[in-house]
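Protein chains: 2
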Amino acid sequence: MTKQEMNTEQKIKEAARRVFRRDGFAGARMQTVADEAGTNKMMLHYYFRSKHQLFDVIFEEDYKELIAPLGAILRNPELHVEEQIVTFVRRYHETMMAHPKFPLFMMHEFSKNPQRLLDLAKKVMPVSKDDEPDHPKLSATTFMDQVDQGVREGKYNEDVDSSHLAVSLTGMCIYPFVSRIGVQSAYQFTDEQYQEFLEKRKEEVISHTFRILMKPEYYQLWKDSKQVPVKTDFGKQKESVSK
Amino acid sequence: MTKQEMNTEQKIKEAARRVFRRDGFAGARMQTVADEAGTNKMMLHYYFRSKHQLFDVIFEEDYKELIAPLGAILRNPELHVEEQIVTFVRRYHETMMAHPKFPLFMMHEFSKNPQRLLDLAKKVMPVSKDDEPDHPKLSATTFMDQVDQGVREGKYNEDVDSSHLAVSLTGMCIYPFVSRIGVQSAYQFTDEQYQEFLEKRKEEVISHTFRILMKPEYYQLWKDSKQVPVKTDFGKQKESVSK
DNA sequence: GTCTATACGGTGATAGAC
DNA sequence: GTCTATCACCGTATAGAC
């Protein structure tokens, strides 16, 4: 593999990533990808055989880099629930603020082609214990198991349903990214104001989730001290949650 | 306008609605629409001139029927905050369970064509007071104003930010619809189980929102009695919130 | 007014010769 | 690794039958 060849293939992938996220699979044009990669249509076919295969390569890479680590946080048995929540929300916002078009793109493509993309996703990050027998056993439900246990022990609010909590948590995180247009126009935010909104939203989502989960006195303790010890093996820094 | 004409035009619109929601604008084919309408491509052009114009007609109708009434709930000054939340969440779920592909479709198209669709949306439901001077003045922020006031009066939790509350509320509602594939596969739900999940989720989202908003003792009062008087001028039934 | 037949210019993905 | 060719199909247009 020559240096030239690597460059061309890499340039095509980067251009394709940009174009697919911007226009979606159906709206993307191979000619546009070629133009933005500084090459021609025939090269795309030479390296990737088809639009679908080019898409799959990109999608698998993206899923591995952007989504799998987020899922891993909620399945990490070494973090307790509060740590999982704080780490997940912060990492989610950091990731998506760097790739704001990715969440909507991913959901749209998942809905157009559920089975193929689920298979791709499972290859990267098995969701169920049975999906890939050779893979080191990952519990898909550590977060939910821990929440359920905390509820049973009386640590958390007794009306908390762990699956609904997880869905609410994810929904609160994702919505400002998939509906940026709606939110920004409703509140008349400039682009800068929207960035500030997202920056503040990190801590708001954590508060909201803790309000739902924690008994009021426990929430108040956390709110006053802002000290929940948090391991962040996933990011760069190792830190405590402080404000 | 003959009866025959109405039928053809109506059939085209219904088919187009289905196809656009399923495949998106870019993925939709005029030929497919024609086939599903039981007519031919030329008729689409005859009645609607172009793919874009056909799309706009459908989109405006859908927005008016499905989205505008939801926005109106949060802007109705005759409902207090708790009523707005309960009414909004229930109506949201009822609407989207009947049209499950609509939320993702709408967001995707908004992001592909923000300005044109924002203009269409404003025609139906002015968001800001300045958008349409002749229109009866609608405050875009009744919900948020009421929440802010309640916080100032000490009725609600003092750390509640009304805009983040509104975004969280909407996000919790919308997420299971835009990410159905992900949620359903993560929890291994059958289609029937997913329906049950959504049915239960209505009340869960209300609880989550109230937990975020209300002081613990107020929340507990509501939880125990499940009696917040609620006017539902928007639905069919007039009722109190009971379980 | 309503619908059919035919076709045009443009572009998509892909095959195969070199 | 590059270029030419091809072929299906896209959205759109128009002429004209009923």
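Quick note, the sequences are listed as chains A and B, same order.
In terms of this note's numbering, the first sequence opens at residue 4 and continues consecutively.
In terms of this note's numbering, the second sequence opens at residue 4 and continues consecutively.
From the three backbone atoms N, C-alpha and C, an ideal C-beta is built for every residue, glycine too.
The structure presented is a predicted model; accordingly, all values stated were derived computationally and were not measured.
Paired residues, beta bridge with residue i - DSSP
i	result
M217/B	Y159/B
Contact with chain A by residue i, beta-carbon distance below 8 Å
i	result
H167/B	yes
K115/B	yes
M110/B	yes
L47/B	no
L57/B	no
V233/B	Low confidence applies here, because V233/B scores a pLDDT of 45, under 50, leaving its location unreliable and the question unanswered by this model.
H138/B	In this predicted model, H138/B has a pLDDT of only 49, less than 50, meaning its place in the structure is not dependable; the value taken from the coordinates is given anyway. It does not: the Cβ of H138/B has no partner Cβ on chain A nearer than 8 Å.
R21/B	no
K16/B	no
Residue range of the unbroken alpha helix (DSSP H) whose run includes residue i
i	result
A101/A	84-101
K115/B	105-115
K54/A	54-65
Q191/A	Where Q191/A is concerned, there is no enclosing alpha helix (DSSP H), given that its DSSP letter is neither H nor E.
S182/B	Unbroken run through S182/B: none, as it is neither H nor E.
K44/A	44-51
T37/A	According to the sequence as given, residue 37/A is Ala; it is not Thr. Looking at the DSSP string, the run of the alpha helix (DSSP H) that includes A37/A is 33-40.
I70/A	Taken as a continuous stretch (DSSP letters only), I70/A belongs to no alpha helix (DSSP H), as it is neither H nor E.
CB contact check: residue i to chain B, cutoff 8 Å
i	result
L121/A	yes
Can you find at least 3 beta carbon pairs, one from the region 172-186 of chain A and one from the region 108-125 of chain B, that sit closer than 8 Å?
Put simply, the region 172-186 of chain A touches the region 108-125 of chain B. At least three CB pairs are less than 8 Å apart.
Contacting positions in the region 198-229 of chain B - beta carbon closer than 8 Å to chain A
So the close ones are F200, K203, R204, E207, V208, S210, H211, R214, I215, P219, K226.
Count the C-beta pairs between the region 26-43 of chain A and the region 21-30 of chain B that are closer than 8 Å, then say yes if the count reaches three, no if not.
yes
Quick test of the definition: if touching needs 3 or more C-beta pairs under 8 Å, does the region 94-102 of chain B touch the region 10-18 of chain B?
no
Along the region 67-100 of chain A, where does the CB come closer than 7 Å to a CB of chain B? Name the residues.
Residues are counted here when their Cβ sits less than 7 Å from a Cβ of chain B; for the region 67-100 of chain A the count is zero.
Using a Cβ cut-off of 7 Å, which residues of the region 163-192 of chain B contact any Cβ in chain A, in chain order?
So the list reads D164, S166, H167, V170, S171, T173, G174, M175, I177, Y178, P179, V181, S182, I184, G185, V186, S188, A189, Y190, Q191, given in the order they occur along the chain.
For the region 26-42 of chain B, enumerate the residues whose C-beta is nearer than 9 Å to any C-beta of chain A, in chain order.
D26, G27, F28, A29, G30, A31
Can you confirm whether the region 143-152 of chain B touches the region 142-155 of chain A when touching is taken to mean that 3 or more C-beta pairs between the two stretches lie within less than 8 Å?
no
Does the region 162-170 of chain B come within contact of the region 203-211 of chain A, defined as at least 3 CB pairs closer than 8 Å?
yes
For the region 212-220 of chain B against the region 214-224 of chain A, are there 3 or more C-beta pairs whose distance is under 8 Å?
The answer is yes - the region 214-224 of chain A touches the region 212-220 of chain B, with three or more Cβ pairs under 8 Å.
Does the pairing of the region 147-163 of chain B with the region 216-225 of chain B give three or more beta-carbon distances under 8 Å?
Per the Cβ contact rule, the region 147-163 of chain B is in contact with the region 216-225 of chain B (3 or more Cβ pairs under 8 Å).
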